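> The structure follows.
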Amino acid sequence: MSFHSVGSVDEFPDPSSTLVEVDDRAVALIHAAGHFYAIDDVCTHDGGPLSDGPIDAEAKTIACPRHGAKFDLKSGAALTMPATKPTVAHEVKVEDGQVLVRLSD
Amino acid sequence: MTATLSSQGYDQAAFDELLAGLDEPGWMTDRRRDAFQAFCDTPWPSSKDEEWMRTDIRLFKLDQFAKPADPASSPANPGLLTQGVDLGGHVQSVDGDLVSEELSDSLAAKGVLFGGMQRMIAEHGDKLRPAIERDIVCPKYDRFAMLNAAFWTCGAVLYVPKGVAIEEPLHALSVLGAEKSADLSRTLVVLEDGAEATLLAETASASPDAAGLHCGAIELIVGAGAKLRYVNLQNWNNKVWHFAHQKAVVGKQGQLQWTIGALGAKLAKVNQHVALEGSDAEAQVNGAMFTQGRQHLTYNTHQHHEAPYCRSDLLYKTALQDKSRTVWRGMIKVDKPAQRTDAYQRNDNLMLSEHSRADSIPGLEIEADDVRCTHGSTSGKVDESQIFYAMTRGYTRKEAVRMIVSGFFQQIFDRITIESVREALGEAIGQRVQDLSNQ
């Protein structure tokens with residue numbers, strides 16, 4: 001899998017969470033406390049979107065807007081109920097002002 | 001007579017261009033204008049709507065799709081359902097254009113009408129108009145219904161006069177060929193009182209990896225004492241967005257057997273409604289779904305009992321591989337006058353991988369007080385002990401899994417009375433079953 005550009009750094013304020021499309025996949029790109037994170041935009045509890053949920057930049061988590069399940073931004077791990085399974089975390093890097101995402105699988 | 005969209009998108013310019021190329025009665029054009037206006041004024045469904053909560057269409061971009069400007073060539077493959085069947089007629093479309101239509105002389109002599117929707121409306125508009133104006137599928141149900149009602153370009157009409165029974169099945173095939181092409185089609189079946197017919201409809205992609213869009217509407221009208229067998233096999237490739245509204249109405253003592261096979265599509269969202277309008281009417285609905293990769297199929301079914309002494313029986317079976325996902329929401333609705341209703345709905349899901357997901361949501365809404373309405377739902381994995389047993393009898397793991405999956409669908413196959421359909425569906429599902437050890 002190769003890196004895909006999802007836009008320039010300026011398009012993603014800090015903090016923000018944005019739905020981006022990478023190779024037909026819905027990915028939540030999160031800019032928080034100077035870092036970029038990319039996870040599948042899917043809450044593993046009920047399959048709903050995550051990207052509209054609140055971000056905790058300090059704890060590096062995002063919460064599902066529907067039932068409050070929290071996920072680790074870096075690993076995708078499910079941290080609180082009702083989610084029990086991790087969502088997929090993807091590799092992100094910034095090069096020449098562009099944010100690049102590589103899908104994990 | 002066929003329209004060609006050269007501009008991208010579904011805006012005013014594209015709509016005007018479509019109308020300029022059509023040869024249809026004024027009342028139909030008025031219906032299109034009405035639907036287009038509603039389309040312009042309505043937003044896409046939101047994930048906050050209960051109906052769309054589990055179906056994420058945020059990556060769907062309508063403007064990426066259009067009817068190709070160049071006429072597509074005829075498909076090489078006549079379809080899965082035609083093998084070993086003597087057909088009474090067929091209709092084929094490619095990329096939203098009718099490419100061929102045929103009806104046997106003997107059926108035409110009996111007054112049967114069968115052919116492409118545009119020609120049928122141009123030639124028999126007066127006869128079809130009352131059925132069309134019943135709005136069996138509400139043209140303003142949601143933005144997809146509006147899109148279809150405004151921009152449809154192809155589809156099939158079957159009209160069987162009173163008391164005429166057709167033995168030979170009729171066949172309709174819709175093909176998507178070009179990259180990012182759109183198929184906006186409608187199907188209308190009208191069986192007058194006492195008529196009988198079988199219609200086999202299927203979809204196919206000419207290329208395994210060309211993205212596409214299908215936005216369709218199917219309307220089935222089964223008259224009093226009439227009998228319709230309708231098969232709909234959705235077999236697009238896994239890059240097609242499939243949105244469809246389908247509804248049947250069944251008159252007094254009418255019978256409907258409606259079989260759905262859902263194998264393809266990247267994302268499918270289908271509303272399948274059956275309304276039993278006349279007393280003592282009967283509907284049997286069979287669904288077989290097989291998903292793989294990252295496919296997402298959502299089927300909302302609705303069994304609406306409006307009259308007394310009606311029977312409806314719905315069985316949906318789903319097998320899921322890889323990271324695919326299905327959603328089935330079923331509703332049995334019984335109106336107050338529909339006493340002595342006998343209704344059943346059931347959805348079984350067979351999970352063939354750890355990462356697949358099936359949501360199964362049956363529902364009942366009953367206003368009558370003398371009814372039998374029940375539902376059931378199961379979800380489970382393949383039983384390892386069954387695989388082990390089959391392997392001790394000399395089968396490979398793959399063969400064992402295929403047998404178990406085939407056995408899972410057998411209940412559906414047993415209900416399908418048309419042999420060619422049974423075989424085609426079984427074969428298509430069998431080809432998709434992978435070795436469970438690879439999951």
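Sequences listed follow chains A and B, in order.
Take 1 as the starting number for the first sequence in UniProt numbering and just add one per residue.
Take 1 as the starting number for the second sequence in UniProt numbering and just add one per residue.
Heads up, the beta-carbon is just placed ideally off N, CA and C, and yes, glycines get one too.
Computed from a prediction, not measured in an experiment: that's the story for all the values here.
#1: What is the residue span of the alpha helix (DSSP H) that B:G384 lies within?
#2: Note down, in chain order, every chain A residue with its Cβ under 9 Å from the Cβ of B:S379.
#3: Could you give the distance in angstroms between the alpha-carbon of B:D370 and the alpha-carbon of B:D348?
#4: Inspect the CB distances between the segment 9-19 of chain B and the segment 127-141 of chain B and report whether three or more fall short of 8 Å.
#5: Under the three-state reduction of DSSP, which class applies to B:S420: helix, strand or coil?
#6: Give the straight-line distance between the Cα atoms of B:A178 and B:S205, rounded to the nearest whole angstrom.
#7: Helix, strand or coil: how does DSSP classify B:R31 here?
#8: How far does the beta strand (DSSP E) with B:E102 in it reach, from first residue to last?
#9: With a threshold of 8 Å, are at least 3 pairs of Cβ atoms found where one atom belongs to the segment 231-250 of chain B and the other to the segment 212-222 of chain B?
#10: What is the rounded straight-line gap between the Cα of A:K70 and the Cα of A:P86?
#11: Given this structure, state the Cα-to-Cα distance separating residue 446 of chain B from B:S46, to the nearest angstrom.
#12: Does chain B have any CB closer than 7 Å to the CB of A:G53?
#13: By the three-class DSSP mapping on this structure, what secondary structure does A:R25 have?
#14: To which residues of the same chain is B:K110 closer than 6 Å at the C-beta, ignoring the five residues directly before and after it?
#15: I'd like to know whether the C-beta atoms of B:H355 and B:K323 end up nearer to each other than 7 Å.
#16: Which term fits B:Y159, buried or exposed, when burial requires 16 or more other beta carbons within 10 angstroms of its beta carbon?
#17: In terms of residues, what are the limits of the alpha helix (DSSP H) holding B:G125?
#18: Does any CB atom of chain A fall closer than 7 Å to the CB of B:R54?
#19: Let's test the definition: count the other Cβ atoms within 10 Å of the Cβ of B:M1 and tell me whether it reaches 16, buried, or not, exposed.
#20: Would you check if the distance between the CB atom of B:A182 and the CB atom of B:K67 is smaller than 7 Å?
#21: At the level of alpha carbons, what is the spacing between residue 106 of chain A and B:L147?
#22: Distance cutoff 7 Å, beta carbons only. Does A:G7 sit that close to anything in chain B?
#23: Only counting runs of 3 or more residues, tell me where the beta strand (DSSP E) segments fall wholly within the segment 38-72 of chain A, in order along the chain.
#24: List the residues of chain B that A:A26 touches, going by C-beta distances under 9 Å, in chain order.
#25: Could you check the C-alpha separation between residue 445 of chain B and B:A197 for me, to the nearest Å?
#26: Whose C-alpha, out of B:R402, B:G407 and B:H214, is nearest the C-alpha of B:Q64?
#27: Among B:F114, B:Q37, B:H304 and B:K239, which residue has its Cα nearest to the Cα of B:I366?
#28: Quick one: which chain A residues come within Cβ less than 8 Å of B:R357?
#29: Quick one: using the 10 Å Cβ neighbour count with 16 as the cut-off for buried, is B:T396 buried or exposed?
#30: Can you tell me whether A:P54 is buried or exposed, with buried defined as 16 or more other CB within 10 angstroms of its CB?
#31: Can you name the residues that DSSP bridges to residue 112 of chain A?
#32: Give me the chain B residues within the contact set of A:E21, using Cβ-Cβ distance strictly less than 7 Å, ordered along the chain.
#33: Indicate whether B:K266 and B:N232 have their beta-carbon atoms separated by less than 7 Å.
#34: Can you tell me where the beta strand (DSSP E) holding B:N196 begins and where it ends?
#35: With a Cβ-Cβ cutoff of 7 Å, do B:L425 and B:A288 count as a contact?
#36: Excluding the five sequence neighbours on either side, which residues of its own chain have a C-beta within less than 8 Å of the C-beta of B:M28, listed in chain order?
To lay it out plainly:
#1: In the second sequence, residue 384 of chain B corresponds to position 384, counting from 1. Checking the sequence shown, residue 384 of chain B turns out to be Glu, not Gly. It spans E384 to T392 - the alpha helix (DSSP H) in which B:E384 sits, taken as one unbroken run.
#2: Translated into positions along the second sequence, residue 379 of chain B becomes position 379. What B:S379 touches in chain A: nothing, since even the nearest Cβ is about 15 Å away.
#3: By one-based count along the second sequence, residue 370 of chain B stands at place 370. By one-based count along the second sequence, residue 348 of chain B stands at place 348. Approximately 27 Å, taken between the alpha carbons.
#4: no
#5: Translated into positions along the second sequence, residue 420 of chain B becomes position 420. B:S420 falls in the helix class under three-state DSSP.
#6: Your numbering for residue 178 of chain B matches position 178 in the second sequence. Your numbering for residue 205 of chain B matches position 205 in the second sequence. Cα to Cα, B:A178 sits roughly 9 Å from B:S205.
#7: Looking up residue 31 of chain B in the second sequence gives position 31. B:R31: helix per DSSP, three-state reduction.
#8: Locating residue 102 of chain B in the second sequence gives position 102, counting from the first residue. That run of the beta strand (DSSP E) goes D97 to L103.
#9: yes
#10: Here residue 70 of chain A corresponds to residue number 70 of the first sequence, with the count starting at 1. Here residue 86 of chain A corresponds to residue number 86 of the first sequence, with the count starting at 1. Cα-Cα distance, rounded: 10 Å.
#11: Here chain B comprises residues numbered 1 to 439, so residue 446 of chain B is not present and cannot be evaluated.
#12: Translated into positions along the first sequence, residue 53 of chain A becomes position 53. Chain B contact via Cβ: absent.
#13: Indexing the first sequence from 1 puts residue 25 of chain A at position 25. Three-state result, A:R25: strand.
#14: What you label residue 110 of chain B is simply residue 110 of the second sequence in a count that begins at 1. These residues qualify, in order along the chain: V164.
#15: Here residue 355 of chain B refers to the residue found at position 355 of the second sequence. Here residue 323 of chain B refers to the residue found at position 323 of the second sequence. It is a contact, given that the beta carbons lie within the stated cut-off.
#16: For the purposes of this step, residue 159 of chain B is identified with residue 159 of the second sequence, where counting begins at 1. Buried, by the Cβ-count rule.
#17: The residue given as residue 125 of chain B occupies position 125 in the second sequence. Where B:G125 is concerned, the enclosing alpha helix (DSSP H) stretches over M117 to I132.
#18: In the second sequence, residue 54 of chain B corresponds to position 54, counting from 1. With 7 Å as the cut-off, B:R54 counts as an interface residue toward chain A.
#19: For the purposes of this step, residue 1 of chain B is taken as the residue at position 1 of the second sequence. With a pLDDT of only 38 at B:M1, under 50, the local geometry of the prediction cannot be trusted, and no value is derived from it.
#20: Sequence index remark: in the second sequence, residue 182 of chain B carries index 182 (1-based). Sequence index remark: in the second sequence, residue 67 of chain B carries index 67 (1-based). The answer is yes: Cβ separation under 7 Å.
#21: No statement about residue 106 of chain A is possible, as the shown extent of chain A runs from 1 to 105 and does not include it.
#22: What you label residue 7 of chain A is simply residue 7 of the first sequence in a count that begins at 1. Not an interface residue.
#23: 61-63 and 70-72
#24: As a first step, residue 26 of chain A must be located in the first sequence, where it is residue number 26. Near A:A26 (Cβ distances below 9 Å), the residues of chain B are D56, R58 and L59.
#25: There is no way to answer for residue 445 of chain B, as the model of chain B reaches only from 1 to 439.
#26: Translated into positions along the second sequence, residue 64 of chain B becomes position 64. Answer by Cα proximity: B:H214.
#27: Along the second sequence, one-based indexing puts residue 366 of chain B at 366. Here the closest residue by C-alpha is B:H304.
#28: Your numbering for residue 357 of chain B matches position 357 in the second sequence. Those within 8 Å of B:R357 in chain A are G47.
#29: Here residue 396 of chain B refers to the residue found at position 396 when the second sequence is read from its first residue. Per the 10 Å Cβ criterion, exposed.
#30: Counted from its first residue, the first sequence places residue 54 of chain A at position 54. By the neighbour-count rule (16 or more Cβ atoms within 10 Å), A:P54 is not buried but exposed.
#31: The question about residue 112 of chain A has no answer, for chain A in this structure spans 1 to 105.
#32: As a working note, residue 21 of chain A is residue 21 in the first sequence. Correct list: L59.
#33: Counting from one through the second sequence, the residue named residue 266 of chain B turns up at place 266. Counting from one through the second sequence, the residue named residue 232 of chain B turns up at place 232. Cβ atoms of B:K266 and B:N232: not closer than 7 Å.
#34: Sequence index remark: in the second sequence, residue 196 of chain B carries index 196 (1-based). In the sequence on display, residue 196 of chain B carries Glu and not Asn. Note, B:E196: beta strand (DSSP E), E196 to S205.
#35: Residue numbering aside, residue 425 of chain B sits at position 425 when the second sequence is read from its first letter. Residue numbering aside, residue 288 of chain B sits at position 288 when the second sequence is read from its first letter. Yes, they are a contact pair.
#36: Here residue 28 of chain B is taken as the residue at index 28 of the second sequence, counted from 1. Same-chain partners within the cutoff: I121, G125 and I132.
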